[in-house]
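What follows is a set of notes on a single structure, which appears directly below.
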Amino acid sequence: MNTIPILSILTVIPLAGGGAALLASGQSKTSRSIAFGASLLSLAVAAAAWAMFDSGRGGAQYVERLAWAPSLGIEYHLGVDGLGLLMVLLSALLAPFAMLASWEIGPNRNLYFALILFLEAGLFGTFTALNFFHWFIYWELGLIPAFFLIKLWGGPRRTRAANQFLIYTLAGSMAMLLAFLALYAATGLFDFEELARLARNGGLDSALFAKLGGSFFKSRETLATVVFFGVFLGFAVKAPLMPFHTWLPSAYTEAPAGTSMLLTGAMSKMGVYGFLRILLPLFPGQMRAMQTPLLCLAVATIVFSAAAALAQRDLKRMVAYSSINHVGYCLLGIFAVVRITGDAGTGSADRAAALNGVMLQMFNHGLTAAALFYFVGLIEMRGGGLRGLDDFGGLRKVAPVFCGLMGITLFASLGLPGLNGFVGEFLIFKGVLPLAGWAAAASTLGLLITAIFLLTILQRVFSGPLPSRWSGWKDLTSGERLTLAPVMALMLLLGTCPQILMRVANPAALALSKLF
Amino acid sequence: MLAWTILISFLGAAALVLLPAESRRAARHTALLTALAGLACALAGAVQYERSAASGAPVDLVNFSWIADLHIHFHLAADGVSITLVLLTGIAAVAGVLFSWNIERRTREFFALYLALIGSVYGVFLSFDLFLLFVFYELAIIPKYFLIAVWGSTRREYGAMKLALYSLVGSAMVLVGLIAAYVVSGAQTFDLTELAKYHFPAAFQHWAFPLVFVGFAILAGLWPFHTWAPTGHVAAPTAGSMLLAGVVMKLGAYGALRVAMTLFPEGLRAWQNEIALLAVIGIVYGATVALVQRDLKFVIGYSSVSHMGFVLLGLMTLSKIGLSGAVLQMFSHGIIAGLLFAVVGRMVYDRAHTRDLTELQPMNLSALAPFAAVTFVIAGAASMGLPGFSGFIAELQVLAGAWQVFPRLTLLAGVGILVGIAFMVRVWIKAFFAEGDIKASAIPIEPISMPERAGALVLLGTTVLIGLWPGLLLNLITPTLNSTLFQGMVKGGPQ
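Going line by line, the protein sequences match chains R and S.
Using the numbering used here, read the first sequence as starting at 1 and increasing by one per residue.
Using the numbering used here, read the second sequence as starting at 1 and increasing by one per residue.
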């Protein structure tokens, strides 16, 4: 249908831009402009893809297929459905935003901006690839730039944070790789759609057991479960799901502001995306068998991370934990979807609601969390490196616009109706409540604690007496206002007209909900 | 075309000997030209083979009676597997010359021995007469001994002697096995294709297979016979380690596949599980030991043991996909290990005069030698088996093949990969990206020279090229694995 390979173009732009930015070494301003231009260009392409998307039909669009290494079942296969498109648009939005946040970053500026673009390319590729082979290239491509962004430009404890980040994520990836190789050894397939088709017919487990079962794996269930866990681990670390989250707080905290924005905004969505795109379609049986422990983990993620955020005294760490909390709602929605309630066939409306909520939450959390990290970055910059909860106070008096906009973002994050965060969480709870009432009930505790610590931030930083050393605190500059204006507008717009996103998300959610 | 690779290399070596001793420049250029000519022949031969022989069967290059009384022929032939390794040799040879550009002491002799080694390696990969193969195999020992003993560094006499002794013990085992095969078959020939048709008695295969296989695999770094590898790699000069890891270890793996596995398929089946276990132990052990080394060259040396474990594991799967992975891993490891040794030996050691991680730490090499740091990071990512590089495709096939036969060992090998990632990250951080104090990093460091850049780009380009278009080599390897020579050892597979 489409003759223009729009998704390939989308991925090539940041790669080429990153290369160009690297080559323009010496002129850090030129390379920065090149990088920013490339990110805007990919945003334009992503917007065009959004505009031309046919929301009337489910399934992948803008499909590209090319033979690559046929003897290995490797095919260049791209395509996006609503889920992929949402994530592509989110990544495209966040990359220029993140660049603006680190506009004046320290040494080796050209390398910094090139790495941001490579990371962006990794994100685009991950969200558009439909064959494991090159999907995995992009999945890992995001990782190495992120490692160096933390390692080279991070805070005082960056080495440890970067190390931990890389080792944890790679451990997850390797488990996933082994699992996919088991699938491949059994079926000779790398294509997500074909594997999903096989799984839908129930052929995946039996193919696995027929080829790999035997003396070591004596039962079909054990083997399928081991393979499931391999894939699961990869996504659970990335998202993250407790107890695989321990790398996250220090990575987000030590990373420079722009990098944290991309890590939390887009990269954590890679994990959630994997759950939706791969785990649900390929391992519905295993997901169902594991539903109770998985739901418990999701609830634990939500509640404990909120509690941990409440206990922090460092603003950046608080926002990091709150990020885990918000991704937790997505996972809650996903795990609830596999539950069977009552007769077969009922609950499909709830499933669709929950899945719609998950996709909206992915997008909106990406936007809000990135904005929060942006604000914390501004505070850190103005506070001369300080970002303790108790270091500030009364800033409302000297920086009313700063206070107002950050306040809006905080409220969006806690899910105030009318702002973007509300709709996703509402739909998730609406869907989960009938499917897994206890989990939804327990998770509301997380909502409550989130409200407490977000309001605490607002109170401690912006109200109360103004310490004399902050009396010269600068309000938002016009450049910063300009940076924030589109983001703020989007937050209001998506809060009031969520159907903009639903139009695209709904067909994908419906298609996924039909699996169960 | 391919047979010229051998002749050109030996001619180049002879030409170097005739040069006046003081003309270092001429020696370098002669060596580079010879290596390039060899690579060109290899490439032309590969293209020619792929066009003409779709069946993947071996194509005769040269075949004439050599020692008629013993029915020994000078028989050179090539199939997809040998061509893959010939290509590797060609690329590694060019890169090795470029990274030896700074050799000032007895330059002429160095390059003469170097080219003699390359010629012998080409010879092993192209011989289809087992006697001839053995001659080339032995011939390779001499130059590699002198390269290490004369131009080496840390404990070079020890390293050289250990390597030579291990090689000689291995080849003695091989020789016994070959003569026994000659006698038992009664076929009056050393020709590989002829002997492969003969069905050796099972009882004979049961002892002959491990003898010949292990004899070769010693050189491939099979655990627990690997101990020559780290010391040899550390002692060797940069180009020496590049060739040792890059092609000499492949001689062992190639011999194990071409001779032991082809001639004795029943013995192979009998010992399959044991050898696979040794291979996986090597994977995990090599990576674990690399994790705690302080000398950078030892890290890479042990990582070679780990990566060669994947070759042996792939061979033991006895499936097409596993074997194809093993052959590709031979190629890929040759390129990547060569690159790692080049950075460590030439770019780092020749400038910083230390390879000790704790001494490198305060220097912050990423600021002093950014090219070396970037090269090492990319090579390290390739060595970890990250996708987009040749190592990924190879390990992917090996592990997919291994899943079907040894699920338990596959999971263990996964642990090995993980440890492999950990030691590489450790090196990145300690050797290149540690926060150095300014005083120590004020050491003047000469910039990375043009030959080094060219060499690094050749190797980097190759691993990325194969990583993104594995078909370039798989089109050579896959048909060959379907040919009659491999039918005895290959069981069914997914393809």
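All C-beta atoms in this analysis are idealised placements derived from N, C-alpha and C, irrespective of residue type, glycine included.
Check your understanding: Is the CB of Y184 of chain R under 8 Å away from at least one CB in chain S?
Key -> The sequence position of residue 184 of chain R within the first sequence is 184, counting from 1. Among the CB atoms of chain S, one or more fall inside 8 Å of the CB of Y184 of chain R.
Check your understanding: Within 8 Å (strictly less), CB to CB, does K514 of chain R reach chain S?
Key -> In the first sequence, residue 514 of chain R corresponds to position 514, counting from 1. Chain S has no Cβ within less than 8 Å of the Cβ of K514 of chain R.
Review point. Three or more C-beta pairs closer than 8 Å, one from the region 286 to 306 of chain S and one from the region 226 to 234 of chain S: is that the case here?
Key: yes
**Study point:** CB contact check: I302 of chain R to chain S, cutoff 8 Å
**Key:** Taking the first residue of the first sequence as 1, we reach residue 302 of chain R at position 302. No, because no Cβ of chain S sits closer than 8 Å to the Cβ of I302 of chain R.
Practice item. Give the DSSP-derived three-state secondary structure of G388 of chain R in the structure shown. Key: Here residue 388 of chain R refers to the residue found at position 388 of the first sequence. Strand.
Check your understanding: Pick from R:I428, R:L414 and R:G142: whose alpha carbon is nearest that of L263 of chain R?
Key -> Taking the first residue of the first sequence as 1, we reach residue 263 of chain R at position 263. The candidate whose alpha carbon is nearest that of L263 of chain R is R:G142.
Point to revise | Short CB-CB distance (under 8 Å) between V344 of chain S and chain R | key: Against the second sequence, residue 344 of chain S aligns to sequence position 344. Closer than 8 Å: no.
Review point. If the cut is a Cβ gap below 7 Å, which residues of chain R does W403 of chain S touch?
Key: On the second sequence, position 403 is the one that residue 403 of chain S refers to. Per Cβ cutoff of 7 Å: L181, A182, A185 and L212.
Practice item. In angstroms with no decimal places, state the Cα-to-Cα distance between A69 of chain R and W469 of chain S. Key: What you label residue 69 of chain R is simply residue 69 of the first sequence in a count that begins at 1. What you label residue 469 of chain S is simply residue 469 of the second sequence in a count that begins at 1. Whole-angstrom Cα-Cα distance: 7 Å.
Point to revise | Endpoints, the beta strand (DSSP E) within which H206 of chain S is located | key: The residue you call residue 206 of chain S lines up with position 206 of the second sequence. From DSSP, H206 of chain S is part of no beta strand (DSSP E) but of the alpha helix (DSSP H) over A202 to A217.
**Study point:** Members of the region 407 to 428 of chain S that neighbour chain R once the beta carbon cut-off is set at 8 Å
**Key:** P407, R408, T410, L411, G414, I417, L418, I421, A422 and V425
Review point. Would you say T11 of chain R faces chain S, with C-beta separation under 8 Å as the test?
Key: Here residue 11 of chain R corresponds to residue number 11 of the first sequence, with the count starting at 1. Not one chain S Cβ lies under 8 Å of T11 of chain R.
Practice item. Determine the contact status of F394 of chain R and A255 of chain R, defining contact as a CB-CB distance below 8 Å. Key: On the first sequence, residue 394 of chain R is found 394 positions in, with the first residue counted as 1. On the first sequence, residue 255 of chain R is found 255 positions in, with the first residue counted as 1. Note on identity: in this sequence residue 394 of chain R is Gly, with Phe being the wrong assignment. Cβ atoms of G394 of chain R and A255 of chain R: not closer than 8 Å.
Practice item. Determine the closest residue to G221 of chain S out of S:A202, S:P237 and S:V248, with distance taken between C-alpha atoms. Key: Numbered from 1 along the second sequence, position 221 holds the residue referred to as residue 221 of chain S. Checked all of S:A202, S:P237 and S:V248; the closest Cα to G221 of chain S is S:V248.
Exercise for review: List the residues of chain R whose Cβ lies closer than 7 Å to the Cβ of T478 of chain S, in chain order.
Suggested key: Here residue 478 of chain S corresponds to residue number 478 of the second sequence, with the count starting at 1. By Cβ distance, chain R contributes S71.
Review point. Whose CA, out of R:R220, R:F275 and R:L85, lies closest to the CA of I500 of chain R?
Key: Here residue 500 of chain R refers to the residue found at position 500 of the first sequence. For I500 of chain R, the nearest C-alpha among the options comes from R:L85.
Check your understanding: Using a Cβ-Cβ cut-off of 7 Å (strictly less than) and excluding sequence neighbours within five positions of V327 of chain S, which residues of its own chain qualify?
Key -> As a working mapping, residue 327 of chain S is identified with position 327 in the second sequence. Only V81, T84 and I477 meet the Cβ criterion.
Check your understanding: How do the region 456 to 476 of chain R and the region 398 to 406 of chain R stand: do at least 3 beta-carbon pairs fall below 8 Å, yes or no?
Key -> yes
Point to revise | Among R:V358, R:A311 and R:V337, the one whose alpha carbon lies nearest that of G328 of chain R | key: Here residue 328 of chain R refers to the residue found at position 328 when the first sequence is read from its first residue. Taking only the C-alpha atoms, the option nearest G328 of chain R is R:V358.
Review point. Looking only at C-alpha atoms, which of R:D475, R:A436 and R:L7 sits nearest to C296 of chain R?
Key: For the purposes of this step, residue 296 of chain R is identified with residue 296 of the first sequence, where counting begins at 1. For C296 of chain R, the nearest C-alpha among the options comes from R:A436.
Check your understanding: What are the boundary residues of the alpha helix (DSSP H) that includes R65 of chain R?
Key -> Along the first sequence, read from residue 1 onward, the residue named residue 65 of chain R stands at position 65. No alpha helix (DSSP H) contains R65 of chain R, which is instead part of the beta strand (DSSP E) from Q61 to A69.
Check your understanding: Going by DSSP, which residues form a beta bridge with Y76 of chain R?
Key -> In the first sequence, the residue the question calls residue 76 of chain R occupies position 76. R:L66, per the DSSP bridge assignment.
Check your understanding: Secondary structure at N63 of chain S, three-state DSSP: helix, strand or coil?
Key -> Mapped onto the second sequence, residue 63 of chain S falls at position 63. It is a strand residue.
Exercise for review: Could you tell me how far apart the beta carbons of G334 of chain S and K250 of chain S are, in whole angstroms, since I believe they sit closer than 8 Å?
Suggested key: Taking the second sequence and counting its residues from 1, the one referred to as residue 334 of chain S is at position 334. Taking the second sequence and counting its residues from 1, the one referred to as residue 250 of chain S is at position 250. Between G334 of chain S and K250 of chain S a beta carbon distance of about 6 Å is seen, short of the 8 Å cut, so the two are scored as contacting.
Check your understanding: Mapping DSSP to helix, strand and coil, what is I148 of chain S?
Key -> Counting from one through the second sequence, the residue named residue 148 of chain S turns up at place 148. Three-state result, I148 of chain S: helix.
Check your understanding: Does F432 of chain S have its Cβ less than 8 Å from a Cβ in chain R?
Key -> Numbered from 1 along the second sequence, position 432 holds the residue referred to as residue 432 of chain S. No, F432 of chain S lies away from the interface with chain R (no Cβ there is under 8 Å from its Cβ).
Point to revise | Exposure of V292 of chain S, with buried meaning 16 or more beta-carbon neighbours within 10 Å | key: By 1-based counting over the second sequence, the position of residue 292 of chain S is 292. When all chains shown are included, V292 of chain S counts as exposed.
Point to revise | Nearest-angstrom beta carbon gap, F341 of chain S and S496 of chain S [assumed within contact, 8 Å] | key: Residue 496 of chain S lies beyond the stretch modelled for chain S, which goes from 1 to 495, so this question has no answer here.
Practice item. Excluding the 5 residues preceding and the 5 following N325 of chain R in the sequence, name in chain order all residues of the same chain whose CB lies nearer than 7 Å to its CB. Key: Here residue 325 of chain R is taken as the residue at index 325 of the first sequence, counted from 1. So the list reads I302, S305, A306, A309, G446 and T450, once near-sequence residues are dropped.
Check your understanding: How many Å lie between L132 of chain S and L178 of chain S at the Cα?
Key -> For the purposes of this step, residue 132 of chain S is identified with residue 132 of the second sequence, where counting begins at 1. For the purposes of this step, residue 178 of chain S is identified with residue 178 of the second sequence, where counting begins at 1. L132 of chain S and L178 of chain S: Cα-Cα distance of roughly 12 Å.
Review point. So which residues on chain B does N163 of chain R lean against when the C-beta distance must stay under 7 Å?
Key: Considering every chain present, this structure includes no chain B. Its protein chains are R and S.
Point to revise | Own chain residues within Cβ distance below 6 Å of R517 of chain R, not counting five before or after | key: For residue 517 of chain R there is no data in the structure shown, the boundaries of chain R being 1 and 516.
Exercise for review: Return the chain-ordered list of same chain residues with a C-beta closer than 7 Å to the C-beta of K558 of chain R, the five sequence neighbours on each side being excluded.
Suggested key: Residue coverage of chain R in this structure runs from 1 to 516, which leaves residue 558 of chain R outside it and unanswerable.
**Study point:** I72 of chain S in three-state terms, based on DSSP
**Key:** Within the second sequence, residue 72 of chain S is the residue found at index 72, counting from 1. Strand, per DSSP.
**Study point:** Minimum length 4: unbroken alpha helix (DSSP H) runs contained in the region 245 to 284 of chain R
**Key:** 248 to 254, 257 to 262 and 268 to 274
Practice item. Verify whether the separation of the beta carbon atoms of V253 of chain S and V311 of chain S is less than 8 Å. Key: Sequence index remark: in the second sequence, residue 253 of chain S carries index 253 (1-based). Sequence index remark: in the second sequence, residue 311 of chain S carries index 311 (1-based). It is worth fixing the name first, because residue 253 of chain S is Ala in this sequence and not Val. Yes, the pair counts as a contact, with Cβ atoms nearer than the cut-off.
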